[in-house]
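Each remark here refers to the structure printed beneath this line.
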Amino acid sequence: MNSSSTQRRVAAALVVVGLLTPLTACGSDDDTKDASTGSSASASGAPSADLTVLAAASLTDVFKEAGAAYEKEHPGTKVTFSFAGSQELAAQVKQGAPADALVTADTKTMDGLKSDTGTPTVIAKNRLVIATGKGNPEKVENLKDLADTKLKVVLAAPEVPVGRYSKQILNAQKITVKPVSQEPNVRAVLSKVQLGEADAGLVYKTDVSAAAGKVDAVDIPDEQNAVASYPAATLKSSKHSAAAEAFVKWLSTPEAQKILADAGFQQP
7 MNSSSTQRRV
17 AAALVVVGLL
27 TPLTACGSDD
37 DTKDASTGSS
47 ASASGAPSAD
57 LTVLAAASLT
67 DVFKEAGAAY
77 EKEHPGTKVT
87 FSFAGSQELA
97 AQVKQGAPAD
107 ALVTADTKTM
117 DGLKSDTGTP
127 TVIAKNRLVI
137 ATGKGNPEKV
147 ENLKDLADTK
157 LKVVLAAPEV
167 PVGRYSKQIL
177 NAQKITVKPV
187 SQEPNVRAVL
197 SKVQLGEADA
207 GLVYKTDVSA
217 AAGKVDAVDI
227 PDEQNAVASY
237 PAATLKSSKH
247 SAAAEAFVKW
257 LSTPEAQKIL
267 ADAGFQQP
C-alpha cells in the first residue's frame, strides 16, 4: 500500500472519530433522564420538569405564591397553573388536556375521576362567607337576609363546588334565594360583588381575604356553614409522573401548609 493511500485512510478515520465524539457527549446528558417519566434529575437528585397543574379557581392567588416557592426549592422545575371551576377542570381531564396534576375544591369532583388520577390527598379546607360590597352598603347581616328579593344576590352554578356548598347551607336553613345570576366559578361570583353588579354573594373565606379592601365579608356560623375539602392528585396521563408526584407530596409539607394557612385556608 502506498503512503498516499495510507494517509487517506487515517484522515477518514479521524473524521469518523470527530463525528462520533459530540454524539457521545450528548448521550451523557440523556443519562439523567427518567425514561419512564420524561423528567430529568436536578443536581439534588429530585425530579425536575415543566409541570402543568389544573387547579380550582379559589386557589389562584395562593398557588401562584406556592408555585414560586416550589420552583425556588426545586431548580429546574417550572410549574404552570390553569385555574377554573372544578367541574371545568374535570371536563378538561376527561377530554385529555395535557396536564400533570389536579387540585379540586371538593372530593366529589375528584372521586369522579378515579380512572384518570392517582390516589388523592386532601391538602386544605375552606369555609364559606357572604361577600358584600365594600362597607356592606345593604347592611347584610346573615344568611336570611339573602332571601330579600330587593337584594341582588349572585351564586355559583349548582354544578360548581361552591355553588353546591351554597345550596347545601341555604337548604339546611330553609332559605330560598333567587340569584340574579349563577356563575361558572367562585372568582366570577366575587367579581360581580366587587364590581357592584351584585349586592352579595356566597364565596370562600379565602376569596374575600385575597380581595381585601375591595369587598367585605359577613361570617357564617360554623353550625350553618359547610367545609370545603381540596384534594390533590397526579394525573395518569402525565408525561412527568415522578415530578408531578413530588409536587403533590410537597403540598402537604410544612412549608406549603404555611403558605396555605397564611392565605386563610384551614389545615386538612
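Using the working numbering, the first residue of the sequence shown is number 7, and each one after it goes up by one. Backbone N, C-alpha and C define an ideal beta-carbon position, used for all residues, glycine too. Fair warning: this is a prediction, and the values are worked out from it, not measured in the lab.
Buried/exposed call for residue i, threshold 16 Cβ in 10 Å
i	result
SER235	buried
ASP151	buried
ALA72	buried
GLY169	buried
LEU176	buried
PRO227	exposed
ALA287	What the structure shows of the chain is the stretch from 7 to 274, and residue 287 is not part of that stretch, so it cannot be assessed.
GLY202	exposed
GLN200	buried
PRO143	exposed
LYS78	exposed
LYS198	buried
LYS264	exposed
Within 8 Å, strictly: CB atoms of residue i and residue j
i	j	result
LYS158	ASP205	yes
ALA111	GLN174	no
LEU134	ILE181	no
ALA153	VAL183	yes
LEU161	GLY207	yes
LYS211	GLY141	no
GLN230	GLN272	no
ALA218	ASP67	no
GLY139	VAL221	yes
LEU266	ALA130	yes
Same chain, Cβ closer than 6 Å to residue i, neighbours up to 5 away in sequence not counted
i	result
VAL209	ALA137, VAL192, VAL195 and LEU196
GLU251	THR240
THR86	THR58
PRO104	none
SER244	ASP106 and ALA250
LEU254	Just to set this straight, residue 254 is Val in the shown sequence, not Leu. Excluding residues within five positions, the ones whose Cβ falls inside 6 Å are ALA107, ALA238 and THR240.
SER172	LEU161 and LEU208
Proximal residues to residue i (C-beta, below 7 Å), its chain only, five neighbours per side dropped
i	result
GLN93	THR115, GLU165 and VAL166
ALA63	PHE89, ALA90, GLY91, ASN191, VAL192 and ARG193
VAL186	LYS158, VAL159, VAL160 and ALA204
LEU257	ILE129 and ALA238
Beta-carbon separation (whole angstroms), residue i vs residue j, contact threshold 8 Å
i	j	result
GLY124	LYS242	7 Å
SER54	HIS80	6 Å
VAL99	LEU60	7 Å
PRO274	VAL128	4 Å
ALA75	GLU261	7 Å
ALA249	THR83	6 Å
Residues near residue i in its chain [Cβ-Cβ closer than 8 Å; skip 5 each side]
i	result
THR155	LYS184
GLN188	VAL160, LEU161, ALA162, ALA163, PRO164 and GLY169
Practice task
Please list the segments of the alpha helix (DSSP H) lying wholly inside the segment 180–215, counting only runs of 4 or more residues, in order along the chain.
Solution key: 192–200
Problem - Length-filtered (3 minimum) beta strand (DSSP E) runs lying within the segment 84–108 - result: 84–90
Exercise for the section: Just list the beta strand (DSSP E) runs in the segment 208–268, keeping only unbroken ones of 3 residues or longer that don't cross its boundaries, in chain order. Expected result: You should have 221–225 and 233–240.
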